[in-house]
Structure formats: C-alpha cells, structure tokens
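Shown next, in structure tokens, is the structure this report addresses.
Residue numbers (the working numbering): 123 to 397.
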C-alpha cells in the first residue's frame with residue numbers, strides 16, 4: 123500500500139474521532155449542560171461510572187497505539203474503540219457533574235475536565251510515535267485525577283460495598299493498562315518506566331483478585347463472574363509474558379477485551395448490592 127493511500131485511510135478513519143473531540147471541547151469551553159446520557163441514580167452507580175473513567179484513560183492510549191500499528195497488525199476495531207472511548211469519557215464526565223453534590227467531588231471533577239481539554243485533542247489526532255510517550259505521560263495525570271474522584275465518592279459511603287465496587291472497577295483499568303503498556307512496547311517504544319509500571323500493575327491486579335474472591339459480599343452471580351475472570355486473567359497474563367510477535371499481540375488485544383467485559387459485568391453486579 124502506497125503512502126498516499128495510507129494517509130487517506132488514516133484521515134478517513136480518524137475523522138469521527140476528531141469530530142468527537144471537537145464537540146467535547148466545544149461543550150467544555152461553552153459550559154453547555156449535559157443534555158444527553160442517562161442520569162446516575164445511586165452512589166454505587168456513581169462509583170462504577172467514575173471507575174470506568176479511569177479505565178478509559180488507559181483504553182484510549184491503548185487504542186491510539188493500536189491505530190498507530192494498524193498497518194502491521196490489522197487491529198480492525200482499534201479506530202472504533204478509540205472513537206467510542208473519547209465519546210464515552212466526555213459523556214460520563216457530564217453525568218458525574220450532574221450527580222456530584224459535595225464540594226470535594228465537584229472540585230476534583232473540575233480538575234479532571236481541565237486535564238481532559240488538554241488530552242482530548244492529542245489522542246484524537248492521527249497517531250505518531252513522537253506523540254505517544256507525551257500522551258501517555260498526560261494520560262497518567264488524567265488517570266490520577268479520575269481516581270481521586272472515585273475516592274471522593276467512596277469516602278461519602280462507609281459501606282464495604284463501596285470499596286468493593288472501587289476495587290472491581292479498578293480491575294477494568296488495570297486490564298487496559300497492561301494491554302496499553304504491551305501495545306506501546308510492541309510499537310517499538312520501550313521505556314524503563316513503562317516496564318516498571320507494568321510489573322506494578324501485574325501485582326496490583328493479582329492482589330485485587332484475591333480481595334474480591336475473599337469478600338463475604340459475593341453473590342452467586344459475582345462468584346461465577348470471578349471464576350470466568352480468573353480464567354481469562356491467567357490466559358492474558360501468559361500472553362503478556364511472551365515475545366511481541368504478531369499473533370501474540372493480537373491475542374493480547376482480544377483477551378484484554380474479554381477481561382474488560384467480564385469486569386464491567388462484575389462491577390455492575392457489585393454496584394447494585396445493598397448493605
């Protein structure tokens with residue numbers, strides 16, 4: 123495929139992403155109210171949504187890297203994943219703004235929005251290796267800010283289930299974080315700090331699995347989901363430790379999606395448990 127055709131393909135596929143980013147920034151700057159999206163009704167649901175924001179910070183960079191590698195690895199869904207993640211992050215930020223009623227959470231959401239306005243145009247532009255590492259650095263700040271919102275919401279409740287929803291939701295983020303690090307390195311951007319963060323994410327994921335498996339709040343539904351998640355995690359972990367060949371890279375991408383889906387279901391199941 124010639125360079126001209128390649129450039130045309132990239133421009134066509136990233137156009138929806140750029141449009142989504144432009145709309146997101148326009149709403150941020152003009153201060154439009156959140157006129158779309160389902161309202162958050164409960165604290166458990168708010169923690170679930172806020173936790174999903176953490177995941178999206180990692181998912182966007184993972185998809186960005188996969189789009190950058192697309193000609194080699196043919197990540198057919200990467201463009202859609204990136205566009206959807208950008209739109210969902212912005213929509214959920216509005217939902218959380220609507221729900222937040224305490225000063226601490228509202229201030230932390232303002233901090234998230236300030237970083238989001240910086241992050242969105244970069245992640246929505248055609249991917250380049252030159253921008254990937256600075257984008258990841260900014261993404262780390264956005265992740266930390268999104269995490270602070272989760273903690274603020276968790277602090278409002280003194281129920282153990284709030285902590286469990288947080289931990290389960292964080293597993294979603296870690297699944298995408300590990301896949302993100304793998305994608306960045308597979309793209310040829312290995313860094314010492316990335317390797318160190320990857321090992322830390324490994325340990326955090328396994329520790330959280332033990333915490334979730336041992337909680338007395340588990341139901342038959344959550345236990346069944348945990349069993350499925352454990353099987354996927356073992357397969358995912360084994361793939362991450364193999365060399366970055368094309369077939370393995372595709373398996374990492376596919377398995378990360380399955381793991382994410384399971385923890386979405388699990389976190390949703392925890393979020394509706396009452397104490």
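All C-beta atoms, glycine included, are put in the ideal place defined by N, C-alpha and C.
Buried/exposed call for residue i, threshold 16 Cβ in 10 Å
i           : result
residue 205 : buried
residue 342 : exposed
residue 388 : buried
residue 168 : buried
residue 356 : exposed
residue 313 : exposed
residue 178 : buried
residue 163 : exposed
residue 257 : buried
residue 199 : exposed
residue 353 : exposed
residue 344 : buried
Nearest-angstrom Cα separation, counted from residue j out to residue i
i           : j           : result
residue 232 : residue 311 : 32 Å
residue 285 : residue 306 : 31 Å
residue 191 : residue 309 : 6 Å
residue 203 : residue 240 : 20 Å
residue 268 : residue 174 : 9 Å
residue 390 : residue 347 : 11 Å
residue 349 : residue 220 : 35 Å
residue 318 : residue 253 : 21 Å
residue 363 : residue 282 : 34 Å
residue 245 : residue 377 : 23 Å
residue 224 : residue 217 : 15 Å
residue 160 : residue 255 : 34 Å
residue 274 : residue 265 : 14 Å
residue 371 : residue 222 : 40 Å
residue 321 : residue 201 : 28 Å
residue 270 : residue 261 : 14 Å
residue 379 : residue 176 : 16 Å
residue 339 : residue 259 : 36 Å
Same chain only: Cβ atoms within 7 Å of residue i, ignoring 5 sequence neighbours per side
i           : result
residue 279 : 165
residue 316 : 303, 306 and 307
residue 296 : 323, 326 and 327
residue 263 : 237
residue 385 : 290, 293, 294, 297 and 351
residue 330 : 289, 292 and 293
residue 383 : none
residue 361 : 370, 373, 374 and 377
Pick from the options that is closest to residue i, judged by C-alpha positions
i           : options               : result
residue 327 : 351, 268, 260 and 338 : 351
residue 242 : 224, 210 and 252      : 210
residue 251 : 270, 260 and 186      : 186
residue 334 : 298, 293, 160 and 277 : 293
residue 276 : 313, 227 and 320      : 227
residue 337 : 384, 395, 371 and 383 : 395
residue 212 : 249, 248, 171 and 344 : 171
residue 230 : 340, 260 and 272      : 272
Contacts around residue i, its chain only, beta-carbon distance under 6 Å, and the 5 residues preceding and following it disregarded
i           : result
residue 392 : 286, 287 and 290
residue 181 : 207 and 298
residue 358 : 377 and 381
residue 184 : 298, 301, 302 and 305
residue 332 : none
beta-carbon residue i near the ligand ZN non-hydrogen atom, thresh 7 Å
i           : result
residue 309 : The model on display carries no ligand, and the ligand ZN is accordingly not part of it.
Quiz item: Which ranges does the beta strand (DSSP E) cover as unbroken runs of at least 3 residues, wholly within the stretch 329-376, from first to last along the chain?
Solution: You should have found no qualifying run.
Quiz item: Whole alpha helix (DSSP H) runs in the stretch 157-233 with 4 or more residues, listed along the chain?
Solution: Correct list: 165-190, 192-195 and 200-221.
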